[in-house]
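A.B. asks: Take a look at the following structure, please.
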Amino acid sequence: MHYAILSDIGKKRAVNEDRAAFYIHPERSGLILAVIADGMGGHRGGDYASKTAVKLIGQQFTALSPNDVETIDWEQWLLDTIQQINYHLFDLALRNDKYQGMGTTLDVVIIDDTHCALAHVGDSRIYMIAGDHIRQLTKDHSFVNALLESGEITQEEAEHHPRKNWIVKAVGSERRTVADVASIRLSDPVTFLLCTDGLSNLLKEEEILTIIQEQQPLQMRAERLIERANALGGDDNISVILIEWWNKEVDSL
């Protein structure tokens, strides 16, 4: 498994409110957690929310004992841990005026050998690339996506909607939030892309796929994604995590 992680302020923002991190469990090298977050609620609140969410889920993950990781239900762990983070941010905002209205998107991938668990809140995204196919594994929790799913607007109208950045679910903005969670059994080689909307709002899936399929190091492909988003306007912070997974048992034969 290889990974690359990059975050860029973009061309029009004064502060980078995105956060991204990759954690390897200290007791089990084949167990990893990747997380990406896009904060909101003003520079101070958004920055704090995304930074804190990423830090707390990383701390909870690396603190798990070897016995825990042998028996854990990762989907339930993700639901519970994200709710704990949500309470922390929401309660802080209630007690401190400068953090009122803060929140963050949160997307998480956990890979343990051939098992993958995902969690999603907001409008950052997780894609899976296998062969010549790219698939969005998450559904945007956004006002515009709700209109699109109800048939009130078309895909083309959604791409240019003035309220495109309005999200209807975030971590920390309400007393309770429930993440979307899912599990995938891995067999064939795949690449996961976690990204904030600074990338997905500007690059179509076809271009993302083309860049990820390029025959160059993973880090260079991550750099190319961010370069393209900046070339197309760079009107938001841009963060990406790329993870290449393959079956190590097959690879060793």
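My numbering puts the last residue of the sequence shown at 1093; the count rises by one with no breaks.
Virtual Cβ for every residue (Gly too), placed ideally from N, Cα, C.
Here the structure is a predicted model, which means the values were calculated and not measured.
Is it buried or exposed for residue 942, if we count other Cβ within 10 angstroms and need 16 for buried?
C.D. replies: So residue 942 counts as buried.
A.B. asks: Where do the N-terminal and C-terminal ends of the alpha helix (DSSP H) with residue 1084 fall, by residue?
C.D. replies: Looking at the DSSP string, residue 1084 is not in any alpha helix (DSSP H); the run it does join, the beta strand (DSSP E), is 1078-1085.
A.B. asks: Could you say if the segment 883-899 and the segment 965-980 meet the contact criterion of at least three C-beta pairs nearer than 8 angstroms?
C.D. replies: The segment 883-899 vs the segment 965-980: no contact.
A.B. asks: Using a Cβ-Cβ cut-off of 7 angstroms (strictly less than) and excluding sequence neighbours within five positions of residue 915, which residues of its own chain qualify?
C.D. replies: Around residue 915: 957, 1021 and 1023.
A.B. asks: My guess is that residue 1046 and residue 1068 are in contact by the Cβ rule of under 8 angstroms, so how many angstroms apart are they, rounded?
C.D. replies: At roughly 12 angstroms, the Cβ-Cβ gap does not stay under 8 angstroms, so residue 1046 and residue 1068 are not in contact.
A.B. asks: Output the distance between the C-alpha atoms of residue 843 and residue 969, rounded to the nearest integer angstrom.
C.D. replies: The alpha-carbon atoms of residue 843 and residue 969 are separated by roughly 14 angstroms.
A.B. asks: Could you tell me if residue 1093 is buried or exposed, where buried requires 16 or more neighbouring beta carbons within 10 angstroms of its beta carbon?
C.D. replies: Here the model assigns residue 1093 a pLDDT of 35, short of 50, so the residue's position is not dependable, and the following value carries that caveat. Label assigned to residue 1093: exposed.
A.B. asks: Per the DSSP calculation, residue 961 is bridged to which residue(s)?
C.D. replies: Per DSSP, 946.
A.B. asks: For residue 1091, count neighbouring Cβ atoms within 10 angstroms of its own Cβ and tell me buried if that reaches 16, exposed if not.
C.D. replies: Because the pLDDT of residue 1091 is 45, which lies under 50, any placement of that residue in the model is unreliable, and the number read from its coordinates should be weighed accordingly. The residue in question, residue 1091, is exposed, as its Cβ has fewer than 16 Cβ neighbours within 10 Å.
A.B. asks: Could you please give me the residues that DSSP links to residue 872 through a beta bridge?
C.D. replies: Bridge partners of residue 872: 864 and 951.
A.B. asks: Spatial neighbours of residue 1009 within its chain, please: C-beta separation below 7 angstroms, excluding the five flanking residues on both sides.
C.D. replies: If we look at residue 1009 and ignore the five residues flanking it on each side, its Cβ neighbours are 961, 962, 981 and 1017.
A.B. asks: Around the Cβ of residue 911, are there at least 16 other Cβ atoms within 10 angstroms (buried) or fewer (exposed)?
C.D. replies: Its Cβ having fewer than 16 others within 10 Å, residue 911 is exposed.
A.B. asks: Residue range of the beta strand (DSSP E) that residue 973 falls in?
C.D. replies: Residue 973 -> beta strand (DSSP E) spans 973-976.
A.B. asks: What residues are listed by DSSP as bridge partners for residue 1032?
C.D. replies: Paired residues: 968 and 1083.
A.B. asks: I think residue 849 touches residue 862, with their Cβ atoms under 8 angstroms apart; what is that distance to the nearest whole Å?
C.D. replies: About 20 angstroms separates the two Cβ atoms, so there is no contact after all.
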